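If you're matching them up, the sequences are chains A and B in order. Position 57, counted from 1, in the first sequence is what our numbering calls 57; the numbers after and before it change by one each time, with no gaps. Position 109, counted from 1, in the second sequence is what our numbering calls 398; the numbers after and before it change by one each time, with no gaps. Beta carbons: idealized from backbone N, C-alpha and C, even for Gly. What you are looking at is a predicted structure, and each value in this text was computed from that prediction instead of being measured.
Number of protein chains: 2
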Amino acid sequence: MFEQLGLIGCGLMGGSFALALKRAGLVKRVVGYSKSPSTTERARQMGVIDVEAPSALLAVSGADIVLLAVPVSATEATFKAIRHLITDNMLIMDVGSTKRDVVDAARRVLRDHVGTFVPAHPIAGKEVSGVEHADPDLYSGKQVILTPIDRTLVGHLKRANDVWDAIGCKVLQMTPEAHDAAFAAVSHLPHLVAFALMHGIANQPQGKDFLALAGPGFRDFTRIAASDPKMWRDVLMANRHEIIEQAKVFQRSLHNMLQHIEDSNSEPLEGMIEMASHTRAHWRMGQKK
Amino acid sequence: MFEQLGLIGCGLMGGSFALALKRAGLVKRVVGYSKSPSTTERARQMGVIDVEAPSALLAVSGADIVLLAVPVSATEATFKAIRHLITDNMLIMDVGSTKRDVVDAARRVLRDHVGTFVPAHPIAGKEVSGVEHADPDLYSGKQVILTPIDRTLVGHLKRANDVWDAIGCKVLQMTPEAHDAAFAAVSHLPHLVAFALMHGIANQPQGKDFLALAGPGFRDFTRIAASDPKMWRDVLMANRHEIIEQAKVFQRSLHNMLQHIEDSNSEPLEGMIEMASHTRAHWRMGQKK
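Take a look at the structure:
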């Protein structure tokens with residue numbers, strides 16, 4: 001049980017975390033700050049936060065748990081804004097989709113207090129953003145990855161584990177590096193590919209005619225292409241090294257398939273499709289096999 | 290109202306068409322043939338067809354409506370198998386995902402009777418195949434594209450229009466060429482890309498670990514990668530020209546985005562994502578705008 005959550009960023013992710021903690025009876029009071037005062041006000045009107053803070057620093061003041069729910073590119077600046085009020089009793093977490101850059105920023109800015117920060121990535125989201133979509137169920141039944149470093153305090157890691165567990169998450173642990181490689185493959189590259197495919201269609205003179213004919217397969221395939229541009233620009237930049245590596249793997253597979261199509265090599269083409277189809281048909285979300 | 294449907298291919302697509310016609314009271318009797326006798330038998334046991342035919346030719350005998358629901362690569366051989374019993378009163382249709390190759394096969398094989406064939410592509414399907422998944426609702430509320438040629442008989446085209454309309458489809462008409470270009474963009478290339486992405490992940494030593502972390506975005510993005518390998522091998526081969534053209538457009542967009550990522554050009558990267566995201570967020574299935 002926490003006394004006070006300092007919430008920095010009262011959007012979809014932060015607002016949903018606050019609502020989930022409140023519903024589970026895990027926090028007495030939520031003090032929130034968002035860059036846009038109208039967002040902070042709206043969050044209070046909706047009951048997502050109890051008190052509006054005029055700055056990130058004041059949102060942290062007196063908190064025993066702090067959540068940074070800001071774009072990954074704003075992480076370092078946010079650490080700088082709050083570092084003077086950080087104490088070793090405070091559990092600080094984030095919700096960023098990339099972890100190596102966030103950990104690097106924490107090392108640079110938090111220094112002796114870096115052990116209070118437990119990097120977290122909940123695998124949850126929606127294609128819509130903003131506090132009006134905040135949902136106490138957003139995280140329930142989802143995975144959350146914690147990526148502690150050598151200097152992370154064991155007690156803080158344990159508390160981080162407990163709080164995500166209490167709001168219904170399955171908690172996993174891995175290194176920031178392993179996290180970033182895996183998510184480049186199964187999240188960041190798929191987003192990039194979906195954006196590129198939509199961009200390619202929209203950029204053609206007949207694009208609108210084509211889109212009028214698209215069916216349910218296209219709808220699901222491109223759902224993630226509607227995601228927030230600024231957020232994804234930042235994620236793609238932050239994890240560029242791993243994404244470029246995964247893009248090479250993908251481009252090689254695509255190139256080989258196109259070559260087989262061009263050369264009428266139907267057997268190896270079928271073999272590659274078969275491998276993809278078999279893997280996908282046997283995959284179950286959240287299960288290792 | 291038809292007397293007898295000759296169904297060649299009693300799988301998901303053909304079986305669903307037969308069930309939909311029966312439910313709408315549009316046909317008195319369905320005579321079915323599948324390459325595998327056990328499929329034909331199962332279709333009869335399930336009430337999808339009324340009579341098992343021992344050959345494609347005998348399925349056509351006495352029919353006033355014929356549906357070819359076979360892989361696109363089997364279209365020409367099927368036309369050859371049935372041509373001796375085709376009469377000008379018979380309405381012949383297919384359900385293939387590509388149309389230029391099907392029309393070419395019809396011209397070559399059906400010759401003077403080519404006008405009885407109304408090429409059709411219903412935009413419906415499932416990731417599972419087989420008569421056991423046949424569903425009288427598969428086509429309802431979906432689009433179907435008819436691609437008549439100059440020699441198509443107007444009366445047949447009208448009847449084709451009416452039968453799809455009667456089972457709940459929105460009927461559109463376009464040339465085989467326009468059809469193939471559009472579906473290369475919004476269906477065939479997305480399938481190829483989804484197959485290549487899954488293949489690339491599965492082909493890596495850490496692939497299984499990566500997949501265990503994938504979330505709902507990945508699930509939807511890769512749903513079409515579980516599609517039937519033989520069917521898609523055929524579609525990709527049959528529409529190769531348009532698919533290769535669309536692949537170039539996509540590869541160019543992807544290449545440019547990756548270049549912006551590598552060069553830290555975040556503004557043009559965001560611009561491209563923004564265009565994709567805006568287009569996808571405003572797209573509605575089956576609506577032209």
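Relative to the C-alpha of B/Thr-376, which candidate in B/Ile-354, B/Ala-363 and B/Met-520 has its C-alpha closest?
Looking at the Cα atoms, B/Ile-354 is the closest of the given residues.
query = Taking 9 Å as the CB-CB cut-off, is A/Arg-240 touching chain B?
reply = It does: the Cβ of A/Arg-240 has a partner Cβ on chain B nearer than 9 Å.
Exercise. At which residue ranges does the segment 323 to 383 of chain B contain complete beta strand (DSSP E) runs of 3 or more residues, listed in the order of the chain?
Worked result: Segments of the beta strand (DSSP E) lying fully in the segment 323 to 383 of chain B: 354 to 357 and 380 to 383.
Q) Which residues mark the beginning and the end of the alpha helix (DSSP H) in which B/Leu-310 is found? A) DSSP places B/Leu-310 inside the alpha helix (DSSP H), whose first and last residues are 301 to 312.
How many Å lie between A/Gly-96 and B/Ile-456 at the Cα? C-alpha of A/Gly-96 to C-alpha of B/Ile-456: approximately 48 Å in a straight line.
Candidates A/Ser-16, A/Glu-267 and A/Val-235: closest to A/Gly-125 by CA position:
The residue with the shortest Cα to Cα distance from A/Gly-125 is A/Ser-16.
Item to complete: With B/Gly-506 as the anchor, note down where its alpha helix (DSSP H) starts and where it stops.
Response: Taken as a continuous stretch (DSSP letters only), the alpha helix (DSSP H) holding B/Gly-506 covers 505 to 510.
Helix, strand or coil at B/Met-417 [DSSP, three-state]:
Residue identity differs from the one stated: residue 417 of chain B is Val in this sequence, not Met. In this structure, B/Val-417 counts as coil in the three-state DSSP scheme.
- Task: Label B/Met-382 either buried or exposed according to how many other C-beta atoms from any shown protein chain fall within 10 Å of its C-beta, with 16 as the threshold for buried.
- Result: Buried.
Exercise. What runs of the alpha helix (DSSP H), each 4 residues or longer, lie entirely inside the segment 170 to 236 of chain A?
Worked result: Correct list: 176 to 183, 189 to 202, 207 to 212 and 216 to 221.
Go ahead and pull the three-state DSSP assignment for A/Lys-99. A/Lys-99 carries a coil assignment under DSSP once its states are collapsed to helix, strand and coil.
### Query
Using a beta-carbon distance below 9 Å, is A/Asp-162 in contact with chain B?
Not one chain B Cβ lies under 9 Å of A/Asp-162.
Item to complete: Just the chain B side, please: which residues come within less than 7 Å of A/Glu-245 by C-beta, in chain order?
Response: Residues of chain B passing the Cβ test: none, with the nearest at roughly 10 Å.
Taking only beta-carbon positions, decide if B/Glu-416 is within less than 9 Å of chain A.
-> Using beta-carbon distances, B/Glu-416 counts as an interface residue toward chain A, with a partner under 9 Å.
For the alpha helix (DSSP H) that B/Leu-547 lies in, which residues bound it at each end? Here the alpha helix (DSSP H) through B/Leu-547 covers 529 to 551.
For this session: Check whether the Cβ atoms of A/Ala-196 and B/Met-487 lie closer than 9 Å to each other.
Result: Remark: C-beta atoms of A/Ala-196 and B/Met-487 do not approach each other more closely than 9 Å.
If you draw a straight line from the alpha carbon of A/Arg-151 to that of A/Phe-117, how long is it in whole angstroms? Taking C-alpha positions only, A/Arg-151 is separated from A/Phe-117 by approximately 9 Å.
- Task: Work out the CA separation of B/Asp-401 and A/Ser-253 for me, nearest whole Å.
- Result: About 44 Å.
* When the Cα atoms are used, what is the spatial distance from B/Leu-525 to A/Met-272? -> Taking the Cα positions, B/Leu-525 is about 13 Å away from A/Met-272.
Please list the partners that A/Thr-222 has in chain B, where partner means a Cβ-to-Cβ separation under 7 Å.
-> The answer, in chain order, is Arg-569.
query = Using CA coordinates, which residue listed in A/Met-1, A/Arg-223 and A/Gln-259 is at the minimum distance from A/Met-90?
reply = Nearest C-alpha to A/Met-90: A/Met-1.
| Mind pulling the chain B residues with CB within less than 7 Å of A/Ser-36? | Result: empty, since nearest Cβ-Cβ is about 19 Å, beyond 7 Å.
For the putative contact between B/Ala-363 and B/Gly-295, defined by C-beta atoms under 8 Å, what is the C-beta separation to the nearest angstrom? The pair is not a contact, with the Cβ atoms about 16 Å apart (cut-off 8 Å).
What number of angstroms, rounded off, separates the C-alpha of A/Arg-107 from the C-alpha of B/His-567?
Cα-Cα distance, rounded: 37 Å.
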